[in-house]
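Here is the structure we will look at.
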Amino acid sequence: MTIGIVVFPGSNCDRDVRWALEGCLGQPTRFLWHEERDLAGLDAVVIPGGFSYGDYLRCGAIARFAPVLEAVSAFAERGGPVLGICNGFQVLTEMGLLPGALTRNRSLHFLCEATPLSVAPGQCHWLRHYGAGERISLPIAHGEGRYQAEPDQLKRLEDGGQIVLRYVANPNGSLGDVAGLCNQRGNVLGLMPHPERACDPATGGINGRRLLELATG
Amino acid sequence: MPLFHARVQVSLRPSVLDPAGEATRAAAARLGVTGVQRLRIGKCIELSLDAPDRPAAQAQLELLSDRLLANPVIEDWTLDLTEAD
Chain A
1 MTIGIVVFPG SNCDRDVRWA LEGCLGQPTR FLWHEERDLA GLDAVVIPGG
51 FSYGDYLRCG AIARFAPVLE AVSAFAERGG PVLGICNGFQ VLTEMGLLPG
101 ALTRNRSLHF LCEATPLSVA PGQCHWLRHY GAGERISLPI AHGEGRYQAE
151 PDQLKRLEDG GQIVLRYVAN PNGSLGDVAG LCNQRGNVLG LMPHPERACD
201 PATGGINGRR LLELATG
Chain B
1 MPLFHARVQV SLRPSVLDPA GEATRAAAAR LGVTGVQRLR IGKCIELSLD
51 APDRPAAQAQ LELLSDRLLA NPVIEDWTLD LTEAD
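Protein sequence lines correspond, in order, to chains A and B.
Heads up: the first sequence at position 56 corresponds to 56 in my numbering, and the numbers run straight through without jumps.
Heads up: the second sequence at position 70 corresponds to 70 in my numbering, and the numbers run straight through without jumps.
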């Protein structure tokens, strides 16, 4: 059981994800440099937070063309579990693996705080260990996390049960209070909060553990 | 091969909130320009490219604008294309 962690020039949560998976959960990981194409032997892939290629143009816009993401896209199409955290969520929307886009916070402030969330796991692989309607608190740290989609798209996501994480007290102006989205198949999850920062009891809550545990199936 | 100059103007779709534009509008008022009713911030990308002819240049720029320079989920774009002398 090995979990791949994508590393772009500018990623800065890649080591946090490794600490959460290896240090806290005892799961082996492998870093995937952005030019890597070989995902053989991996059971799941995490696209971590931070930045990617300076996020020139738009967050995730350049990253989308990275060789490693072609491989990740094929992996997701085969049903492989893919998790995008923060910048990783932005990258998943730019890749088209998840609909919509993430835009500048309504307040224009970079938000770095713990925020309450409501969980609606539905068919999402990554949230199977959470109860429907469960409230948890996770850290957020972003300047561009306001979810944006056309009203009919948002309605389809609502109806399909794909809005699996919602802000209880919407901090950034996200439409539909969207904090995390899952694809229809349930194997791809993108979320703005950082579960990897909530796995070690020494640094706060451990609400993220049950999510990252599922990296191994 | 002929050289073409292009300018791609990327703007936020009208339905998308532009908090940076709102903050700039507030600053305009502090400067004493109080009549600004609407201010939206976009991007302008200038580029030159080689292409066999104008339709080919147009097609490549449309692909570029749709797939890279703008994100159609939140942005619209317009293209201004001229052939270099």
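Where is the CB? At the ideal position from N, CA and C, for every residue including glycine.
- Cβ proximity to chain B below 9 Å picks out GLN148, ALA149, GLU150, PRO151 and GLN153 from the region 148–165 of chain A.
- The beta carbons of LEU98 of chain A and VAL188 of chain A sit about 6 Å from each other, so the pair counts as a contact at 8 Å.
- Going by C-alpha positions, GLN184 of chain A is about 41 Å away from SER48 of chain B.
- Distance between GLU134 of chain A and PRO121 of chain A, taken at the CA atoms: about 9 Å.
- Counting other Cβ atoms within 10 Å of its Cβ, GLY96 of chain A stays below 16 and is therefore classed as exposed.
- In this structure, B:ASN71 is the residue among B:ASN71, B:ALA56, B:ALA51 and B:GLU22 with its C-alpha nearest to the C-alpha of LYS43 of chain B.
- Per DSSP, PHE65 of chain A is not a residue of any beta strand (DSSP E), being assigned neither H nor E.
- The DSSP assignment places 29–33, 44–47 and 82–85 as complete runs of the beta strand (DSSP E) inside the region 20–89 of chain A, in order along the chain (cut-off: 3 residues).
- Contact residues of the region 79–103 of chain A toward chain B are THR93, GLU94, PRO99, GLY100, ALA101 and THR103 (C-beta to C-beta distance below 8 Å).
- A direct Cα-to-Cα measurement between VAL119 of chain A and ARG40 of chain B gives close to 35 Å.
- LEU191 of chain A is a Cβ neighbour of GLY84 of chain A, given a cutoff of 9 Å.
- Residue burial annotation: ALA198 of chain A is buried, with at least 16 other C-beta atoms found within 10 angstroms of its C-beta.
- In the three-state reduction of the DSSP assignment, LEU212 of chain A falls in the helix class.
- Under the Cβ criterion (8 Å, minimum of three pairs), the region 107–115 of chain A does not count as touching the region 63–83 of chain A.
- Between GLY173 of chain A and ARG146 of chain A, the C-beta gap is smaller than 9 Å, which places the two residues in contact.
- Listed along the chain, the chain A residues whose CB falls inside 8 Å of the CB of VAL16 of chain B are THR103 and GLN148.
- Contact between SER137 of chain A and ASN87 of chain A does not hold, since their C-beta atoms are separated by about 21 Å, which reaches or exceeds 8 Å.
- In terms of Cβ geometry, VAL45 of chain A and VAL72 of chain A form a close pair [threshold 9 Å].
- Contact check for ARG58 of chain A and PRO19 of chain B: beta-carbon distance about 15 Å, past the 8 Å limit, so the pair fails to qualify.
- In the three-state scheme derived from DSSP, where H, G and I count as helix and E and B as strand, LEU17 of chain B is classed as coil.
- Counting only Cβ-Cβ distances below 9 Å, ALA20 of chain B has contacts in chain A at ARG104 and LEU108, in chain order.
- The contact set of LEU68 of chain B on chain A, defined by CB atoms closer than 9 Å, consists of LEU57, ALA61, ILE62, ARG64 and PHE65 in chain order.
- Neighbours of GLY173 of chain A in chain B, taken as residues at a C-beta separation under 9 Å, are given in chain order as LEU17 and PRO19.
- Separation of TRP126 of chain A and PRO193 of chain A (C-alpha to C-alpha, rounded to the nearest whole angstrom) is 14 Å.
- For ALA6 of chain B, the nearest beta carbon of chain A is not closer than 9 Å to its own beta carbon.
- For VAL178 of chain A, the CB contacts under 6 Å within the same chain, skipping 5 residues up- and downstream, are TYR147 and ILE163 in chain order.
- Taking the beta carbon of ALA23 of chain B as reference, the chain A residues within 9 Å of it are LEU108, listed in sequence order.
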